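Each remark here refers to the structure printed beneath this line.
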Amino acid sequence: MNKEKDKMKKHKHNFQFVDVMSTSFVSSVRITEPKPEQFIKGLGIPVEAVEEVTSYPSILGGRVKTLHPKIFGGILNRQENTGDQKEMQEYEIPQLDIVIVDLYPFEKTVASGAAEQDIVEKIDIGGISLIRAAAKNFKDTLCVSSVADYDEVLQLITDGNGSTSLKDRKRFAAKAFNISSHYDTAIFNYFNEEEHVYKASITQAKSLRYGENPHQEGTFYGDFDAIFDQLHGKELSYNNLLDVDAAVNLMSEFNAEKPTFAILK
Numbered sequence: 001m002n003k004e005k006d007k008m009k010k011h012k013h014n015f016q017f018v019d020v021m022s023t024s025f026v027s028s029v030r031i032t033e034p035k036p037e038q039f040i041k042g043l044g045i046p047v048e049a050v051e052e053v054t055s056y057p058s059i060l061g062g063r064v065k066t067l068h069p070k071i072f073g074g075i076l077n078r079q080e081n082t083g084d085q086k087e088m089q090e091y092e093i094p095q096l097d098i099v100i101v102d103l104y105p106f107e108k109t110v111a112s113g114a115a116e117q118d119i120v121e122k123i124d125i126g127g128i129s130l131i132r133a134a135a136k137n138f139k140d141t142l143c144v145s146s147v148a149d150y151d152e153v154l155q156l157i158t159d160g161n162g163s164t165s166l167k168d169r170k171r172f173a174a175k176a177f178n179i180s181s182h183y184d185t186a187i188f189n190y191f192n193e194e195e196h197v198y199k200a201s202i203t204q205a206k207s208l209r210y211g212e213n214p215h216q217e218g219t220f221y222g223d224f225d226a227i228f229d230q231l232h233g234k235e236l237s238y239n240n241l242l243d244v245d246a247a248v249n250l251m252s253e254f255n256a257e258k259p260t261f262a263i264l265k
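Here the sequence shown is numbered in UniProt numbering, starting from 1 and rising by one per residue.
If you want it as structure tokens, here you go:
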């Protein structure tokens, strides 16, 4: 039940984003999924499903939806390139100025202990391709690759009266490639069986109370709260983390034969 509530809350946020965008800045929307399509139509905004744009149905149980020249041509065309624009007209390719993608939750599916078949189906193909295409063509296309960026994007577009700067589009392209590279790293690590190959993509950082010495700064990269529960005390310092590491290594020597704890001072 909680998962369904979270899902509905997320959809509501997505819909609100489109609602605000539509008020002043969006003349038409091209979209893939039925529920958003119905919602946007209810706002009085012209909507075209991807199938209408491509004249090709979603196939293979939904595995192939957006992988089509009319979609990627609309994203990747260079608006100042005469040859590109001639081909856009010749093949009746619509211009796509903003690409908004919410990738399938691959890591969450793996963490849930789902079966391999379910995990594989959460490897996003079309979404990751849309992100890479839009980010590559940042000179003409804004790529929004995270729900966390919706509020900022709305503010930028509002302040720009419907436009965004090249600087901001390049900044969002960097965010998009960060997300796509992290996503691919997670997939690789799931499939990898070669122990000598190691890839890491760390998207979280925790500021420490101080570094090795009080006058120095320190940062922990990773999700500390997913590993340990701090019951009380001050924010951790670098030296505290060394103590934690020493304690964990000490306890690991007992091979979990009996309940084990370590006290370090």
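Note that CB positions come from ideal geometry on N, CA and C, so glycine has one too. For clarity, every value in this text was computed on a predicted model and none was experimentally measured.
Check	Outcome
Option in Thr82, Asn161, Gly44, Leu241 with minimal Cα separation from Tyr210	Leu241
Cβ pair Phe220, Val244 closer than 8 Å	no
Option nearest Val47 by Cα separation, candidates Ala133, Leu231, Pro36	Pro36
Check whether Val101 and Gly127 have beta carbons under 8 Å apart	yes
Meets three-Cβ-pair contact criterion under 8 Å: the stretch 178 to 187 and the stretch 128 to 141	yes
Tyr198 (DSSP reduced to helix, strand or coil)	coil
Helix, strand or coil at Ile100 according to DSSP, with G and I counted as helix	strand
Cβ-Cβ distance between Leu76 and Asn137 below 8 Å	yes
Extent of the continuous alpha helix (DSSP H) to which Ser181 belongs	166 to 191
With 16 other Cβ atoms within 10 Å as the buried cut-off, status of Ala226	exposed
Own chain partners of Ile93 with C-beta closer than 6 Å, once the 5 adjacent residues on each side are dropped	Lys70, Gly73, Gly74
Candidates Leu154, Lys167, Leu142, Glu152: closest to Asp97 by CA position	Leu142
Whole-angstrom distance between Ala246 and Ile263, CA atom to CA atom	10 Å
Backbone CA spacing between Asn2 and Lys199 [nearest angstrom]	With a pLDDT of 40 at Asn2, under the threshold of 50, the modelled position of that residue is not reliable, and no figure is offered here.
Exposed unless 16 or more other CB atoms sit within 10 angstroms - verdict on His13	Caution applies to His13, whose pLDDT of 48 falls short of 50 and renders its modelled position unreliable; the value that the coordinates give is listed next. With fewer than 16 other Cβ atoms within 10 Å, it is exposed.
Presumed contact (8 Å Cβ cut-off) between Leu154 and Asp168, rounded CB distance	With a Cβ gap of about 13 Å, Leu154 and Asp168 do not count as contacting.
Simplified DSSP state of Lys41, which is helix, strand or coil	helix
Cβ neighbour criterion (16 or more within 10 Å) applied to Arg132	buried
Contact set for Ala205: own chain, Cβ-Cβ below 6 Å, skip 5 residues either direction	Thr219, Tyr221
Distance, Arg63 Cα to Arg171 Cα	30 Å
Chain-order list of residues whose beta-carbon lies under 8 Å from that of Val99 (same chain, five-residue window excluded)	Ile75, Leu130, Ile131, Ala133, Ala134, Thr141, Leu142, Cys143, Val144
DSSP three-state assignment for Lys206, whether helix, strand or coil	strand
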